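Novice: At position 382 of the sequence shown the residue is numbered 383 (this note's numbering), and the sequence of numbers has no breaks. Backbone N, C-alpha and C fix where the C-beta goes; we use that ideal spot for every residue, glycine too. Predicted model, so just to flag it, every value in this text is computed and none were measured.
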Amino acid sequence: MHRLITHGNLPSEGDVVTLESTKLKGNLYSLGNGYYISKNDPLFWKKLLIQRPEDKEAMYHVGLEYEIEARNYLDRYNLTKTDQYLALYHKLMKQAFELINRSFNKGFLSARLDVLRMERAMKLTERKVPFNIEKSDSQNGKIRLFLALIFGLILAMVFLPRLLTTTYHINNHYLYMLPYEVIERKPTTLISFPGLKDQAKVIVVKPEISKELLVHQLVAGLKADYEMKPVSEAKQVIAIDETNTERGMVFWAGGDKTIQVYIYPQESIAFENTQERQLWETTTVVRSATYQFCKENGYLPEDLKTLIQPFPNNYLMELPKDPFKLKNTVTLSSTGEGGWLYSWVKNPANQDGVAVVKEAIKPNIPCAKEIPFSPLTITINKGNHTLLVISGDRIIRKYSVALGKEDSTPEGDFFISKKIMNPDKFVPLDENVYGTRAMELSNMKFAIHGTNLPSSIGQEVSQGCIRLNNSEIEDLYAITPLYTPVKISKSTSPIQGLPLLDPPNIYLYDRTDNPKEEDNLSVYHWAH
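1) Measuring CB to CB, does residue 317 end up less than 7 Å from residue 332?
2) Indicate the three-state DSSP secondary structure (helix, strand or coil) for residue 515 in the structure shown.
3) Is it buried or exposed, residue 248, if we count other Cβ atoms within 10 angstroms and call 16 or more buried?
4) With a threshold of 7 Å on Cβ separation, who are the neighbours of residue 74 within its own chain once the five nearest residues in sequence on each side are excluded?
5) Exposed or buried, residue 382, counting other C-beta atoms within 10 Å across all chains shown (16 or more means buried)?
6) Nearest-angstrom Cα distance between residue 45 and residue 112?
7) Indicate the three-state DSSP secondary structure (helix, strand or coil) for residue 457 in the structure shown.
8) Any contact of the stretch 201 to 214 with the stretch 223 to 240, i.e. 3+ C-beta pairs under 8 Å?
9) Would you check if the stretch 466 to 475 and the stretch 433 to 440 touch, i.e. whether three or more CB-CB distances between them fall below 8 Å?
10) With DSSP collapsed to three states, give me the class of residue 527.
11) From what residue to what residue does the alpha helix (DSSP H) around residue 386 run?
12) Rounded to whole angstroms, what's the CA-CA distance from residue 103 to residue 55? Just pull it up for me.
13) Residues in the same chain with beta-carbon distance under 8 Å from residue 311, minus the five sequence neighbours each way, listed in chain order, please.
14) Would you kindly report the start and end of the unbroken beta strand (DSSP E) that includes residue 183?
15) With distances taken between CB atoms, is the gap from residue 285 to residue 379 smaller than 7 Å?
16) Within its chain, find whatever has a CB closer than 6 Å to the CB of residue 137; leave out the 5 residues flanking it on each side and keep chain order.
17) If you follow the alpha helix (DSSP H) that residue 51 is part of, which residue opens it and which one closes it?
18) Inspect the beta-carbon positions of residue 337 and residue 329 and report whether they are closer than 7 Å.
19) If we ignore side chains and look at the alpha-carbon of each, how far apart do residue 397 and residue 110 end up?
20) Give me the DSSP bridge partner(s) of residue 414.
21) Put residue 256 into one of helix, strand or coil per three-state DSSP.
22) In this structure, what does DSSP give as the bridge partners for residue 392?
23) Take residue 422 as the anchor and find which of 465, 415 and 433 has the nearest alpha-carbon.
24) Taking the straight line between their C-alpha atoms, what separation do you get for residue 82 and residue 62?
25) Smallest Cα separation from residue 426: which of 38, 126, 515 and 67?
26) Which class does residue 345 belong to by DSSP, given the choice of helix, strand or coil?
27) Buried or exposed, going by whether 16 or more other CB atoms sit within 10 Å of the CB of residue 225?
28) For a quick check, are the C-beta atoms of residue 482 and residue 356 less than 7 Å apart?
29) Reducing DSSP to helix, strand and coil, say where residue 363 ends up.
30) Give the single residue among 454, 99 and 363 whose Cα lies nearest to the Cα of residue 334.
31) List in chain order: all unbroken alpha helix (DSSP H) runs of 4+ residues lying wholly within the stretch 275 to 333.
32) Given residue 400, which residues of its chain have a CB within under 6 Å of its CB, disregarding the five upstream and five downstream residues?
33) What does the Cβ neighbour count give for residue 366, buried or exposed, with the cut at 16 atoms within 10 Å?
34) Can you tell which of 448, 405 and 409 has its C-alpha closest to the C-alpha of residue 417?
35) By the 10 Å Cβ neighbour count, where 16 or more other Cβ atoms means buried, how is residue 283 classified, buried or exposed?
36) Given that a residue counts as buried once 16 or more other Cβ atoms are within 10 Å of its Cβ, and exposed if not, what is residue 229?
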C-alpha cells in the first residue's frame, strides 16, 4: 500500500491516504517505505524538511520562504514603527540565513550567492533601521536625540576600530564563497599578475586522484591561503602529484571575480592491441560498479556477486568477462587463470574511493601494465542527439538517441536510480514504448529506455525521455552500473576529440533476459 502525505497541515501519523493510481507517481516525491509528498503541495519543501532534516535543497527553499516572510514583517515595521514586527523580522531572517548557509555548506552550490546577498541585506538593514527615528516637536524629544547622538559618537570612538576589523573578517567569510568554474584543460593564455609567481602555493596530490577530489583540494588550498593572507588580490594554487607532474591549478583574480579551477587532462591510455583495450574496458566496468556501491553504502562489498543482485539492487546484470580467458570468476588470490582478482579491504576513512577500488579489483591474468581507473559517466548531448559512455579521457560507447520535443528533455546532472529489464512487460513488445530495457534517472519522471519506433532515433519526438534502439539500450544496460552519473546538456566542448574505442565485443557481456531484474509490481509512466 502506498501512502501519501496530503495537503494542508504538516504531516502527522494519520495524515495518509491510499495511492490508488500509479499515474499519480509522476507528480509525487518518494520518501521511501511507501510514503510520498505531492510536489504541488504549497508546503512541499517544509514537509520534506520535516521528513528529511538534512536535505540540502529543502533547507534552501524553506530558507527562501522564511526570507519572504521576514521581509513582509520589515515592511510592516517601516509603516507602523511597531517593535514587534522588527523583532519578528530579525527572528525569521536569522532562521532563513541559517538554513540557506547550512544548505551551501552541505554542497548545494545554488545557495552560495544567496548567502552573500543575505549577509549584505542584513547589514544594510541593521544600518538603516536605527536611524528611522521620528522627529519629535517636544523639547524633551530633541534633548534625548541630542544625548543619544553624543553617546553614539563616544561609542564609535571607542569601538570603531574593533567594528571595522569585525566587518573585514566577515567579508573574508564570503569572499572565498565566490562561484568557481571547473575547466578541464590547461589555460590557453599565460596567467600573470604582479607578485603572483612568488605567492603561488603548491599542493601535492596522489597520482590516481579523482577529478572531484582534485577540485575539492584545489579550492580548499585557495581557501586556506586566503585565510592566511586575507587580502583581495590575485591568488593561485598549483597541484602536482608524487611524480612531479602538474595535475591542475586554481586561480582567483581577486575582488568579486569568479574562481577558475583548471584540471589538466592526463595523457591518453596507450594500448598495444584490441584485447588490451577491451581488458581496460571490462576492468573499468567492474570497478565502476564497485565504486558506485561503495559510494552508496560506505563500504566495499565483501563479495563481487553482491553487484549482481535482483532488482532494485542490480548494479550489473553479470560481471563482464576478461577478453583473454573469457572468464568472469572471482578469486581472492592471483592464479593467472582469468576472471577477476578481488582483494577486499575495509574502506579507510577519508581515503579516495577511486584509489581504494583500483587496488581492490584487478584482472586475474598476467598483466605487465597498470590499468588506470576513472569511474564511468554518461553524457547526453542535446545538440547532436548523442549519448556517450566515458571513462577519463576515453569514450567506451557512442549511441544516437531520440530526445524530447520542444526542448522537454531536462538539462543538468542526474544519476541512474533504477535499472529495469522489460519494463511494463505485460504490454506487447511491438506496442511497448519503453522497449526491452530502461534506466530511470534521479529525476523520476525521465528515463533512458528502448523504443518500439526505431525510426524516431535522432529526432525530437518524446515527452522528455531519452530513447535508444533496443539492441543499443541492451548493450548500454549491460555495461552501466546503478548510480552512474548522467550529464545532459547542449554543449559538446567537454568531450571534443576524445578517442573512441573499437566496436563492442558481444562475448564479454551477458545481455540475455533475466526475470530477477524485472519489476512486475509497477507500471511506469515516464515521459516517453
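Specialist: With the given structure in hand:
1) Along the sequence shown, one-based indexing puts residue 317 at 316. Along the sequence shown, one-based indexing puts residue 332 at 331. Not in contact: residue 317 and residue 332 (Cβ atoms no closer than 7 Å).
2) Residue mapping note: residue 515 aligns to position 514 of the sequence shown, counting from 1. The DSSP-derived three-state label of residue 515 is coil.
3) Translated into the one-based positions of the sequence shown, residue 248 becomes position 247. Under this definition residue 248 is a buried residue.
4) Your numbering for residue 74 matches position 73 in the sequence shown. These residues qualify, in order along the chain: 86, 89, 90 and 93.
5) Taking the sequence shown and counting its residues from 1, the one referred to as residue 382 is at position 381. The residue is buried, with at least 16 neighbouring Cβ atoms inside 10 Å.
6) By one-based count along the sequence shown, residue 45 stands at place 44. By one-based count along the sequence shown, residue 112 stands at place 111. Their backbone Cα atoms lie some 19 Å apart in a straight line.
7) Here residue 457 is taken as the residue at index 456 of the sequence shown, counted from 1. Here residue 457 carries a helix assignment [DSSP, helix/strand/coil].
8) They touch, by the three-pair rule.
9) With a cut-off of 8 Å, the stretch 466 to 475 and the stretch 433 to 440 count as touching, because enough Cβ pairs lie within range.
10) Counting from 1 along the sequence shown, the entry for residue 527 is found at position 526. Residue 527: coil per DSSP, three-state reduction.
11) Sequence index remark: in the sequence shown, residue 386 carries index 385 (1-based). Element bounds for residue 386: n/a, residue is neither H nor E.
12) Along the sequence shown, one-based indexing puts residue 103 at 102. Along the sequence shown, one-based indexing puts residue 55 at 54. Pairing residue 103 with residue 55, the inter-Cα distance amounts to about 9 Å.
13) For this step, residue 311 is matched to residue 310 along the sequence shown. Here the set comprises 517 and 518.
14) On the sequence shown, residue 183 is found 182 positions in, with the first residue counted as 1. For residue 183, the enclosing beta strand (DSSP E) starts and ends at 181 to 184.
15) Position 284 of the sequence shown holds residue 285. Position 378 of the sequence shown holds residue 379. With contacts defined by Cβ atoms closer than 7 Å, residue 285 and residue 379 do not form a contacting pair.
16) The residue labelled residue 137 in the question sits at position 136 within the sequence shown. Reliability of the predicted coordinates at residue 137 is poor, the pLDDT of 38 falling under 50, and the value obtained from them is presented with this limitation in mind. In the same chain as residue 137, and ignoring 5 residues on each side of it, no C-beta atom comes closer than 6 Å to its own.
17) Residue mapping note: residue 51 aligns to position 50 of the sequence shown, counting from 1. That run of the alpha helix (DSSP H) goes 45 to 52.
18) Your numbering for residue 337 matches position 336 in the sequence shown. Your numbering for residue 329 matches position 328 in the sequence shown. Not a contact, by the Cβ cut-off of 7 Å.
19) Residue 397 sits at position 396 when you count from the first residue of the sequence shown. Residue 110 sits at position 109 when you count from the first residue of the sequence shown. Taking the straight line joining both Cα atoms gives about 30 Å.
20) As a position in the sequence shown, residue 414 is number 413, starting the count at 1. Per DSSP, 488.
21) Stepping through the sequence shown from its first residue, residue 256 is reached at position 255. Coil, per DSSP.
22) As a first step, residue 392 is located in the sequence shown; it is residue number 391 there, counting from the start. As DSSP reads the structure, residue 392 sits in a beta bridge with 395.
23) In the sequence shown, the residue the question calls residue 422 occupies position 421. Cα-wise, what sits closest to residue 422 is 433.
24) As a working mapping, residue 82 is identified with position 81 in the sequence shown. As a working mapping, residue 62 is identified with position 61 in the sequence shown. So the two alpha carbons sit approximately 29 Å from each other.
25) Walking along the sequence shown from the start, residue 426 turns up at place 425. Among 38, 126, 515 and 67, the Cα nearest to that of residue 426 belongs to 515.
26) Within the sequence shown, residue 345 is the residue found at index 344, counting from 1. Residue 345 falls in the coil class under three-state DSSP.
27) Position 224 of the sequence shown, counted from the first residue, corresponds to residue 225. Classification of residue 225: exposed, given that the 10 Å Cβ count is below 16.
28) Taking the first residue of the sequence shown as position 1, residue 482 is located at position 481. Taking the first residue of the sequence shown as position 1, residue 356 is located at position 355. Not closer than 7 Å, so no.
29) If you number the sequence shown from 1, residue 363 lands on position 362. In the three-state reduction of the DSSP assignment, residue 363 falls in the strand class, which pools E and B.
30) Locating residue 334 in the sequence shown gives position 333, where the first residue counts as 1. Here the closest residue by C-alpha is 363.
31) DSSP assignment within the stretch 275 to 333 yields the following whole alpha helix (DSSP H) runs of 4 residues or more, N-terminal first: 275 to 298.
32) One-based indexing of the sequence shown puts residue 400 at position 399. Only 388, 469 and 473 meet the Cβ criterion.
33) Within the sequence shown, numbered from 1, the residue matching residue 366 stands at position 365. Buried, by the Cβ-count rule.
34) Residue numbering aside, residue 417 sits at position 416 when the sequence shown is read from its first letter. Considering only alpha carbons, the answer is 448.
35) Numbered from 1 along the sequence shown, position 282 holds the residue referred to as residue 283. If you draw a 10 Å sphere on the C-beta of residue 283, you find 16 or more other C-beta atoms in it, and that means buried.
36) Position 228 of the sequence shown, counted from the first residue, corresponds to residue 229. The residue in question, residue 229, is exposed, as its Cβ has fewer than 16 Cβ neighbours within 10 Å.
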